[in-house]
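Protein chains in written order, with this note's numbering: chain A, 38 to 277; chain B, 76 to 423; chain C, 45 to 278; chain D, 10 to 301.
In this text, a Cβ means the ideal position worked out from N, Cα and C, and glycines have one as well.
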Amino acid sequence: MPLVPLLDVDNLHARYGQARVLHGVSLTVSPGEVVVLLGANGAGKTTLLRAITGHVERTGSIKFAGTDITRASPAAIVSLGLVQVPEGRGTFADLTVQENLRLGAYTRRVTAAALALEISEIVERFPILGERAGQRAGLLSGGEQQMLAIGRALLARPRLLVLDEPSLGLAPTVTRAVFDTLRELHDEQGLSLLVVEQNADLSLGIADRAYVLEAGEIQVDGPAAAIRDDAGLRRAYLGY
Amino acid sequence: MSESRPVRAAANAALVLALVLVPLFFEPFRVTQFTQILVVAIAVAGLNLLTGFTGQVSVGHSAFFGIGAYVTGVLIVHAGVPMTAAIIAGTLSGGIAGALFGIPSLRIKGTHLAIVTLVLAASLPAVLSTFSEITGGTEGLRVPRITPPRGSFLAADQTRYYVVLGALLLVVLGVFMLDRSRTGRALRALGDNEIAAVTYGVRPMRLRIGVFAASSTITALAGALFAVTSGFISSTTSYMTIVGSIVFLTALVIGGRALLAGPLAGAAIAELLPAQISRYSPEWANFAYGAILIALLLLAPGGISSLRFRRRRSHPAPHVLPAPLQQEETPHDTDDTRDQAQPTTRIG
Amino acid sequence: MLRVERLSLAFRGVQALRDVTFEVAAGGVTALIGPNGAGKTTMFNCISRILTPDSGALSLDGIDLIGVRASRLPELGVARTFQHAALFPSLDVRGNVRIGADVARHASRPALPVDETLELLRLSADASRSTEGLPLGTKKRVELARALASGPHLLLLDEPAGGLTHEEVGEMRDTLLAVKERLGLTILLVEHHVQMVMSMSSHVVVMSSGEVIADGAPSDVRSDPRVISAYLGS
Amino acid sequence: MLALQLLVDGVGKGAIYAALALAIVVAHRSTGLINFAQGEFATLSAMLTVALTGLGLGVWPALAVAAAASFAAGALIQVVIVRPAMRRDLVPVVIMIGLYVCANAIGQLTFGQNPRPLEGLFPAGGLVFGGIRVQWSLIGVILLQAVVITALTLFFVRTKIGLGFRAVATAPEASRVAGIPVERMHMIGWGIAAALGAVAGVSLTNLGVYVESHMMTTVLVYSLAAVTIGGFDSALGAIVGGAIMGVVESLVTGLVPGVSGDVGILVSLTIIVLILLSRPQGLFGRERVARV
Numbered sequence: 038m039p040l041v042p043l044l045d046v047d048n049l050h051a052r053y054g055q056a057r058v059l060h061g062v063s064l065t066v067s068p069g070e071v072v073v074l075l076g077a078n079g080a081g082k083t084t085l086l087r088a089i090t091g092h093v094e095r096t097g098s099i100k101f102a103g104t105d106i107t108r109a110s111p112a113a114i115v116s117l118g119l120v121q122v123p124e125g126r127g128t129f130a131d132l133t134v135q136e137n138l139r140l141g142a143y144t145r146r147v148t149a150a151a152l153a154l155e156i157s158e159i160v161e162r163f164p165i166l167g168e169r170a171g172q173r174a175g176l177l178s179g180g181e182q183q184m185l186a187i188g189r190a191l192l193a194r195p196r197l198l199v200l201d202e203p204s205l206g207l208a209p210t211v212t213r214a215v216f217d218t219l220r221e222l223h224d225e226q227g228l229s230l231l232v233v234e235q236n237a238d239l240s241l242g243i244a245d246r247a248y249v250l251e252a253g254e255i256q257v258d259g260p261a262a263a264i265r266d267d268a269g270l271r272r273a274y275l276g277y
Numbered sequence: 076m077s078e079s080r081p082v083r084a085a086a087n088a089a090l091v092l093a094l095v096l097v098p099l100f101f102e103p104f105r106v107t108q109f110t111q112i113l114v115v116a117i118a119v120a121g122l123n124l125l126t127g128f129t130g131q132v133s134v135g136h137s138a139f140f141g142i143g144a145y146v147t148g149v150l151i152v153h154a155g156v157p158m159t160a161a162i163i164a165g166t167l168s169g170g171i172a173g174a175l176f177g178i179p180s181l182r183i184k185g186t187h188l189a190i191v192t193l194v195l196a197a198s199l200p201a202v203l204s205t206f207s208e209i210t211g212g213t214e215g216l217r218v219p220r221i222t223p224p225r226g227s228f229l230a231a232d233q234t235r236y237y238v239v240l241g242a243l244l245l246v247v248l249g250v251f252m253l254d255r256s257r258t259g260r261a262l263r264a265l266g267d268n269e270i271a272a273v274t275y276g277v278r279p280m281r282l283r284i285g286v287f288a289a290s291s292t293i294t295a296l297a298g299a300l301f302a303v304t305s306g307f308i309s310s311t312t313s314y315m316t317i318v319g320s321i322v323f324l325t326a327l328v329i330g331g332r333a334l335l336a337g338p339l340a341g342a343a344i345a346e347l348l349p350a351q352i353s354r355y356s357p358e359w360a361n362f363a364y365g366a367i368l369i370a371l372l373l374l375a376p377g378g379i380s381s382l383r384f385r386r387r388r389s390h391p392a393p394h395v396l397p398a399p400l401q402q403e404e405t406p407h408d409t410d411d412t413r414d415q416a417q418p419t420t421r422i423g
Numbered sequence: 045m046l047r048v049e050r051l052s053l054a055f056r057g058v059q060a061l062r063d064v065t066f067e068v069a070a071g072g073v074t075a076l077i078g079p080n081g082a083g084k085t086t087m088f089n090c091i092s093r094i095l096t097p098d099s100g101a102l103s104l105d106g107i108d109l110i111g112v113r114a115s116r117l118p119e120l121g122v123a124r125t126f127q128h129a130a131l132f133p134s135l136d137v138r139g140n141v142r143i144g145a146d147v148a149r150h151a152s153r154p155a156l157p158v159d160e161t162l163e164l165l166r167l168s169a170d171a172s173r174s175t176e177g178l179p180l181g182t183k184k185r186v187e188l189a190r191a192l193a194s195g196p197h198l199l200l201l202d203e204p205a206g207g208l209t210h211e212e213v214g215e216m217r218d219t220l221l222a223v224k225e226r227l228g229l230t231i232l233l234v235e236h237h238v239q240m241v242m243s244m245s246s247h248v249v250v251m252s253s254g255e256v257i258a259d260g261a262p263s264d265v266r267s268d269p270r271v272i273s274a275y276l277g278s
Numbered sequence: 010m011l012a013l014q015l016l017v018d019g020v021g022k023g024a025i026y027a028a029l030a031l032a033i034v035v036a037h038r039s040t041g042l043i044n045f046a047q048g049e050f051a052t053l054s055a056m057l058t059v060a061l062t063g064l065g066l067g068v069w070p071a072l073a074v075a076a077a078a079s080f081a082a083g084a085l086i087q088v089v090i091v092r093p094a095m096r097r098d099l100v101p102v103v104i105m106i107g108l109y110v111c112a113n114a115i116g117q118l119t120f121g122q123n124p125r126p127l128e129g130l131f132p133a134g135g136l137v138f139g140g141i142r143v144q145w146s147l148i149g150v151i152l153l154q155a156v157v158i159t160a161l162t163l164f165f166v167r168t169k170i171g172l173g174f175r176a177v178a179t180a181p182e183a184s185r186v187a188g189i190p191v192e193r194m195h196m197i198g199w200g201i202a203a204a205l206g207a208v209a210g211v212s213l214t215n216l217g218v219y220v221e222s223h224m225m226t227t228v229l230v231y232s233l234a235a236v237t238i239g240g241f242d243s244a245l246g247a248i249v250g251g252a253i254m255g256v257v258e259s260l261v262t263g264l265v266p267g268v269s270g271d272v273g274i275l276v277s278l279t280i281i282v283l284i285l286l287s288r289p290q291g292l293f294g295r296e297r298v299a300r301v
C-alpha cells in the first residue's frame with residue numbers, strides 16, 4: 038500500500054441539524070484502489086459520502102490528494118477531482134442527454150471543441166448515450182441513467198469516483214453491466230473508486246478493501262476477500 | 076416554556092387584571108388607541124389559529140377583516156339593522172367567505188395559497204371602490220359607534236374598550252380550549268406530517284375547512300368591532316388593504332406562541348412603533364412594517380420557531396410518496412445521538 | 045387475515061409492483077424482505093392506502109381495502125410505523141401517543157390506556173419531552189407506542205431496526221415479541237436486517253424488482269437460490 | 010369592430026403581463042419562490058428611468074441603465090435577504106410580502122405621490138386598419154418583448170451559465186453534486202428577473218400609464234394569474250398566459266356593462282383559484298412532486 042493515501046478521512050463527525058449521524062469515522066482510499074462501504078440502511082453510508090463531498094455539516098479532517106478539503110465547497114471538491122455519482126443517479130431529468138454530459142465538465146475550463154471531443158469519447162464507451170443524445174434524460178431507463186451519471190462524472194476528470202448504490206432499482210443483469218463498466222474504468226485508467234453498495238458480493242468482488250458501517254461508526258475494515266469469506270461477520274453485519 | 080403551569084396561570088391572571096384596569100387610569104385618547112390594539116389582537120388571534128395550528132400562511136386576512144367591517148357598517152348605515160345583529164352578521168359573513176376559501180385551501184398550499192390570498196387581499200379595495208355608492212369607496216363610510224348603556228357610569232371610550240376586551244378574552248379562551256382538545260391535537264398532527272396524521276385517522280378535509288373558517292370568523296369579528304369602535308371605514312383604511320395583512324403577520328411573528336400575551340404584545344408593538352414613525356411621514360410606517368417583518372424573520376430564528384415557522388426538516392421527510400426512483404438524492408440515514416465508542420473489528 | 049392478490053402498480057413507466065400475491069396469517073409475524081428498490085415500501089403504502097394500486101385486490105378479514113380511505117384504516121384495526129419514525133414534533137411524547145388513543149376511542153375498541161402504553165415501552169420518564177432531539181431508538185419506541193395506543197389487530201412496521209445499533213436491534217425484537225404476545229397482534233414488517241427477520245418471523249415473503257420471488261418459512265426461504273442471488277448477486 | 014379593437018389593445022397589455030410573468034417565472038425557477046415584490050421592483054425601475062431622463066439621459070439609455078441597476082439590485086436582494094431565509098419552510102413567503110410593502114413604501118418616499126409621465130420609447134402616431142387603430146408604441150412594446158424573450162432564450166440555451174441555470178432549476182441537489190455554483194445561479198436568476206421587470210415597467214408607460222407607486226399593483230395580479238395559467242416553471246406558459254390575461258381583461262372590462270377595470274382583479278382571482286384546483290402545474294408546466 039502506498040504511503041500517501043489519495044483520500045484520507047480522519048475522525049469525521051457529521052450531522053443534519055440536531056441529528057448526529059457520524060461519530061468519528063476514519064477511512065482511506067489509496068491511488069488506484071477500489072474501496073467498498075457496506076452497512077445496513079440508516080447506518081450513515083450516504084451521509085459519509087455526502088460529508089466527504091462537502092454536502093453535510095462536518096467536523097474532523099478530510100484530505101484529498103494532500104489538500105485539506107474539510108471546509109471546501111462542493112464545487113471546489115469536484116474541481117480537485119473528487120467526483121460523486123449520487124444515489125438515485127442525480128441526472129437532470131428535464132435536460133437532454135447531451136446537456137447532462139456538458140454539465141459534467143462545468144467546473145473545468147475547456148473549449149467547446151475540446152469538450153465535444155471528450156463527449157464523443159464518452160459516447161464511444163456508452164453508445165446508448167449517443168443514440169439518445171437529444172432526448173430528455175428523464176426518458177432514459179434506470180440503467181441508461183446510471184451510465185449517463187457515470188459518463189457525466191467522468192467528464193469532470195475524476196481521480197476518485199464516489200458512487201452511492203449504483204445498483205439501486207436496477208435489474209440484476211443491468212447491475213452486472215454497471216459493475217463491469219466500473220471494473221473496466223479501474224483496470225484501463227487506474228481510476229480509484231469508493232462505492233457504497235447493498236449488493237455485498239458483487240461489490241466485494243471488484244473491491245480491494247471494505248469498510249462496514251453501523252450506526253455511524255466503522256465496525257469492521259479489512260481486505261474485501263477476507264470479509265467476503267467470513268460467514269459469521271456477514272451474518273452479523275451484512276444480514277446475510 | 077420553562078415556567079411551570081401555576082406561574083403561567085398567575086401571569087395570565089395578572090395580565091387580565093391589568094387589562095381591565097387600564098381604561099380607568101388613562102385619558103380617552105389613549106383608551107381609544109388601546110382599543111384599536113385590542114381589535115388588532117383579535118385579528119391576530121384569528122390568524123394565529125390558522126398559522127399556529129396548520130402551518131399555513133394567509134396574506135388575505137385583511138380581506139376577512141374588511142368583510143367583517145363593511146358588512147357590519149353597511150347593514151347599520153343603509154339597512155338600519157341593530158348594531159349587535161350587524162356585528163354578528165359581519166362576523167359570520169367573514170366566516171362564510173373564509174369557509175369558501177377553506178375549500179380551495181384543501182388542495183392549494185404554501186406559496187400557492189399565498190398567491191390566492193394575496194390576490195384576495197388586493198381584490199377587496201377594488202370591490203369596495205366599484206360599489207362606492209354603498210361603501211363610500213375612498214370617501215369612506217361613517218358608522219355609528221358603540222355608546223354606553225343608559226345609566227352606566229362608563230364613558231364612551233371605556234365602554235368600547237371593555238366590549239372589545241370581552242371579545243378578545245372570549246376568543247382567547249376558545250382557542251385555549253381548542254388547543255387542549257382532541258381536535259387541536261389532530262390539527263397539530265396534520266400540520267406536522269399529513270401522511271402520518273391521516274394514517275392515524277385524522278381527516279384533513281373537515282379540519283382544514285373548519286380551521287380556515289374559524290380563523291377568518293375571528294378576524295372578521297375584529298373587523299366588525301373596528302367599524303363600531305372607530306366609527307369610520309374606507310377602502311384606503313390600511314387594515315382593509317394588503318398592509319393590514321402585513322400588520323397581522325408582523326404582530327404574529329413578534330408575539331409568538333402565547334395565546335393571550337402573544338397577540339397582545341404583537342399588536343401593541345405593530346401598532347405603536349409605526350405610529351411613532353408615521354408622525355414624520357405615513358409612508359415610513361409602511362416601510363417600517365415590511366422592514367420589521369423581514370428583520371425579525373431573518374434575525375430572530377428563536378422567536379420564529381415558537382411560531383411553528385419550523386425549520387425545514389434537515390433530513391427529508393419519510394419518502395412514502397410515490398418515488399421509486401427519486402430524482403433528488405435523499406439520504407436514508409437517520410439520526411441518533413449515541414456516543415459510546417465501540418471497538419473496530421480488524422481483519423487481515 | 046390480510047390477503048394481497050395480484051397487486052400491480054407503475055409510476056411513470058417504472059413497474060414498482062408486478063402481480064404481487066401473498067397472505068398474512070392472523071397471530072403471526074410475516075416479514076417482507078428484499079434488496080433496496082424491490083418495492084417493499086411501495087407495497088406497504090398500498091396496504092396503508094397511501095397509494096392505490098393499478099390493479100389487483102387487497103382484503104382484510106374479507107373486507108375490500110381498495111375502497112377504504114387511509115383515514116378509516118385505524119378504525120379497522122390497522123396501525124403502521126414509518127421508515128424514519130414520522131412523529132409529530134409539535135406534540136410531546138404523550139401527545140403523540142394520545143393521537144393513537146384518539147383513534148381507539150373513536151372506534152370504541154379496547155386499547156391500552158395511554159399511561160400503560162408509555163410504561164410498556166419504557167417511555168414514562170420521557171412523556172412530557174419534545175420528540176425533537178430524542179435518540180432514534182427512543183423515537184422508534186414512541187412511534188410504536190402511538191401505533192399500539194390505537195388498539196390495532198394488525199401492526200405494519202416499516203424497518204423497525206433501521207439505523208439502530210446491534211444491541212438496540214435485539215431490544216427492539218424482544219419488545220415487539222413481548223407486545224405481540226401481550227396484545228395478541230398480527231405483525232407485518234418490512235426489514236433489511238435479515239438476522240432479526242429470521243429470528244422473529246413465522247413467514248417470510250421475499251421481493252425483488254417489484255415481484256415476489258419466494259414465500260415460505262424462514263428456513264426454506266433462506267436456502268432458496270433465487271433469494272441468495274437477489275441478495276448477494278452471485 | 011369594438012371587440013377587435015379591444016383584442017388589439019388586450020394584446021398590448023398582455024405583452025406587459027407576459028414580461029412581468031416571465032420575471033416571476035425566472036425568479037421562481039432559480040429559487041422556487043414567488044416574488045410578490047416583482048411588480049414593485051418594476052415600479053422602482055420605472056421611477057429610476059424617469060429620474061435618469063430628468064438628468065438629461067435619452068429614454069433608451071435610461072432604460073438600459075435602469076435595467077442594469079435593477080439586475081444588480083435584484084441580485085443583491087437575493088443574496089442579502091432571500092438566501093438566508095431559504096432554508097426555512099414558510100419564512101420566505103412572508104419575507105416576499107415584507108419586500109412588497111417595503112418596495113412600495115420606498116417608491117412613495119423617493120418619488121412622491123404625483124404621477125409623472127415618461128417620454129415614449131417609440132414614435133407617436135400609428136396605423137389605422139379598417140377602423141382599428143394601432144399605435145406605433147403598441148407595436149413597439151410587443152416587438153421589444155419579443156426581442157427580450159429571444160435574447161433570454163438564447164442565453165439559457167446557448168451559454169454555459171444558461172445551461173447551469175437550467176440544471177439548478179431542474180435539480181438543485183444534483184447540481185451541487187456536479188459542482189455547479191448553485192448560489193450564484195440563484196443570484197443571477199433574481200438579477201435577470203429584476204431586469205425583465207424594468208423592461209415591463211417602462212413598457213407599461215408606453216401604453217399611456219403614468220409612473221407612480223401603484224402603477225404595477227393590478228399588473229402584478231394579472232401577471233400572477235398569467236403565471237398560474239402557464240405553470241410556475243414555464244417561460245412559454247408565462248408568455249401565453251400573459252397574452253390570455255391581457256385579452257381577457259380587455260374584453261371583460263370593455264364588453265360587459267357596468268364592470269370597471271378593478272373588477273378584472275376578481276376575474277383573475279377566479280382564474281387563479283380554478284387553475285390551482287384543477288391543474289396546479291398550469292397548462293404548460295410538467296407535473297412534479299411538490300417542491301414548494
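Pick helix, strand or coil for residue i, following the three-state DSSP scheme.
i, result
"residue 237 of chain C", "coil"
"residue 53 of chain C", "strand"
"residue 102 of chain D", "helix"
"residue 263 of chain D", "helix"
Per DSSP, what are the beta-bridge partners of residue i in this structure?
i, result
"residue 168 of chain C", "The partner list for residue 168 of chain C (beta bridge, DSSP) is empty, contrary to what the question assumes."
"residue 60 of chain A", "A/50"
"residue 96 of chain A", "A/50"
"residue 133 of chain A", "A/173"
"residue 247 of chain A", "A/73, A/259"
Is it true that the CB of residue j sits closer than 8 Å to the CB of residue i?
i, j, result
"residue 171 of chain A", "residue 128 of chain A", "no"
"residue 166 of chain A", "residue 195 of chain A", "no"
"residue 122 of chain B", "residue 290 of chain B", "yes"
"residue 178 of chain D", "residue 23 of chain D", "no"
Mind listing, in chain order, the continuous alpha helix (DSSP H) runs of no fewer than 4 residues lying wholly within the stretch 148-179 of chain A?
149-162, 164-168
Is there contact here, the stretch 135-154 of chain B with the stretch 269-276 of chain B, by at least three beta-carbon pairs under 8 Å?
no
Taking three-plus beta-carbon pairs below 8 Å as touching, is the stretch 236-255 of chain B in contact with the stretch 328-336 of chain B?
yes
If contact is defined by three or more beta carbon pairs under 8 Å, each pair taking one atom from either stretch, is the stretch 174-186 of chain A in contact with the stretch 218-236 of chain C?
no
Where are the beta strand (DSSP E) runs, 3 residues long or more, that stay fully inside the stretch 92-165 of chain C, in chain order?
99-104, 122-124
Considering only residues of the stretch 220-254 of chain D, which uninterrupted alpha helix (DSSP H) runs meet the minimum length of 4 residues and lie entirely inside it, listed in chain order?
226-239
Can we say the stretch 162-178 of chain C touches the stretch 195-204 of chain C, given the rule of at least three CB pairs closer than 8 Å?
no
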